[in-house]
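Residues 21 to 299 in this note's numbering are what the sequence shown lists, from first letter to last.
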Amino acid sequence: TDHTIEYNEIQPLLLSHAHYSLAFGQGSQVTYDFEGVEQQFIEQFIQSKPLIIAEHLKFEYAREAYNKNVFQMVRIKVQQTELNQRNWLAISDELDSIEAVNDVLLVLDSVIGFLSSAGGNPDQKLSEYLVTVLNYPCDANGTGPLRSTKANTVLKLRHTISFWTCLSIEKACRLSRDRKVPFASLGEEFQEEVSETERKEIELSCQHFKVDIMLRYLHDFILFFVRENNFVKIDYGLKEIIQVYAEENSSELPKGFERIPEINLSKCVSAWAVIAQHE
21 TDHTIEYNEI QPLLLSHAHY SLAFGQGSQV TYDFEGVEQQ FIEQFIQSKP LIIAEHLKFE
81 YAREAYNKNV FQMVRIKVQQ TELNQRNWLA ISDELDSIEA VNDVLLVLDS VIGFLSSAGG
141 NPDQKLSEYL VTVLNYPCDA NGTGPLRSTK ANTVLKLRHT ISFWTCLSIE KACRLSRDRK
201 VPFASLGEEF QEEVSETERK EIELSCQHFK VDIMLRYLHD FILFFVRENN FVKIDYGLKE
261 IIQVYAEENS SELPKGFERI PEINLSKCVS AWAVIAQHE
């Protein structure tokens, strides 16, 4: 309260700079010396107060959520850990439709956008954050915006990136099983179908690596490298560009990666979908 200004302090200042006049038939008129008010106000109140620096927080929109830089900002501002596989399987069982998966992904897009700008407590429950910070309606009798009682129980802000990745891969897998395009945000030039011979070679290669690990690695490669880099061309070799991606990110290639056949980058989505059939 030492630095607040009350109205009863300002009122005498205004009255001291008021000028009254009385004209016949018009009653009393009041005018104010605003320049005098301003100068005295500065000298009496402003000069003795500490300077306040306003911080303007900038927020990302949901459509920007799966940009690599936005994800990196979340990791910097909110410590992230992987979601337990058993918990994820329990959550995915409750998300019984592609629409449910997509709805929760949209919710996560908003969360990621806000966390990348404002940060948050990694140990705060995700369901609580949605209600108290993002003002999602509280659904006491249902599963809420996360569409899963298990998710409401176990997920914290530290699981945000991992949960989003699991959801994104799950969505892509379900679309693949329905013979739909799993990565619609990627240009048509990368949607070329593999040949029947290439399909059989990819299916054989699945015997030499863990499908879930390969799917996640290729998922991140497609969304965060191919989609975001204009220099990649469709006639580049898929394995060649993946090796460039691995070097840039200092990441280890999945075991068995060398078993994937040589195909053009233009067929990366189709190749991913073939592998997803073996999950």
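Virtual Cβ for every residue (Gly too), placed ideally from N, Cα, C.
Because the structure is a prediction, the values reported are computed rather than measured.
Rounded to a whole number of angstroms, what is the C-alpha to C-alpha distance between residue i and residue j?
{"i": "Q211", "j": "L238", "result": "14 Å"}
{"i": "A120", "j": "K191", "result": "10 Å"}
{"i": "T51", "j": "F65", "result": "23 Å"}
{"i": "I19", "j": "K275", "result": "Because the chain is modelled from 21 through 299, residue 19 falls outside the range shown and cannot be assessed."}
{"i": "Y156", "j": "K230", "result": "38 Å"}
{"i": "S196", "j": "L150", "result": "30 Å"}
{"i": "C288", "j": "S188", "result": "17 Å"}
{"i": "L125", "j": "P165", "result": "10 Å"}
{"i": "N250", "j": "G207", "result": "11 Å"}
{"i": "Q297", "j": "K176", "result": "31 Å"}
DSSP on residue i, reduced to helix/strand/coil?
{"i": "A293", "result": "helix"}
{"i": "A192", "result": "helix"}
{"i": "V319", "result": "Not covered by the structure: residue 319. The range shown for the chain is 21 to 299."}
{"i": "K145", "result": "strand"}
{"i": "N284", "result": "strand"}
{"i": "K230", "result": "coil"}
{"i": "E80", "result": "Confidence is the limiting factor: at E80 the pLDDT is only 44, short of 50, which leaves the residue's position unreliable, though a coordinate-based value still follows. Coil."}
{"i": "K275", "result": "coil"}
{"i": "S41", "result": "strand"}
{"i": "G133", "result": "helix"}
{"i": "K176", "result": "strand"}
Is residue i a contact residue of the ligand MG, with contact defined as CB to any heavy atom under 8 Å?
{"i": "I181", "result": "Ligands displayed in this structure: none; no statement on the ligand MG is therefore possible."}
Kindly indicate which residue of the options has the alpha-carbon position closest to the one of residue i.
{"i": "N104", "options": "L135, D129 and K170", "result": "K170"}
{"i": "E26", "options": "D198, F61 and L109", "result": "F61"}
{"i": "V90", "options": "L126, S136 and V264", "result": "S136"}
{"i": "S112", "options": "C186, V214, E213 and L154", "result": "C186"}
{"i": "F203", "options": "S290, L146 and L71", "result": "S290"}
{"i": "V127", "options": "L146, A138 and A110", "result": "L146"}
{"i": "F277", "options": "W292, H228, D129 and F241", "result": "H228"}
{"i": "A38", "options": "N28, F54, T24 and E29", "result": "F54"}
{"i": "I283", "options": "N172, E218, C226 and M93", "result": "E218"}
Excluding the five sequence neighbours on either side, which residues of its own chain have a C-beta within less than 8 Å of the C-beta of residue i, listed in chain order?
{"i": "L285", "result": "F210, V246, V252, K253, I254, D255, Y256, G257, L258 and I261"}
{"i": "L273", "result": "Y237, I262, Q263 and A266"}
{"i": "I118", "result": "K191, R194, L195 and D198"}
Just checking: is the beta-carbon of residue i within a distance shorter than 9 Å of some beta-carbon in chain B?
{"i": "F91", "result": "Among the chains of the structure shown, chain B does not appear; only one protein chain is present."}
Kindly list the residues whose CB is nearer than 6 Å to the CB of residue i, restricted to its own chain and excluding five residues on each side of it in sequence; keep chain order.
{"i": "T163", "result": "T169"}
The segment 264 to 275 / the segment 233 to 247 touching (three or more Cβ pairs under 8 Å): Three or more pairs of CB atoms, one per stretch, sit closer than 8 Å, so the segment 264 to 275 contacts the segment 233 to 247.
Segment contact, 8 Å Cβ cut-off, at least three pairs: the segment 176 to 185 with the segment 248 to 259: Taking 8 Å as the limit for Cβ pairs, the verdict is that the segment 248 to 259 does not touch the segment 176 to 185.
Touching by the beta-carbon criterion (3+ pairs, under 8 Å), the segment 136 to 148 and the segment 96 to 114: Verdict: yes, contact present.
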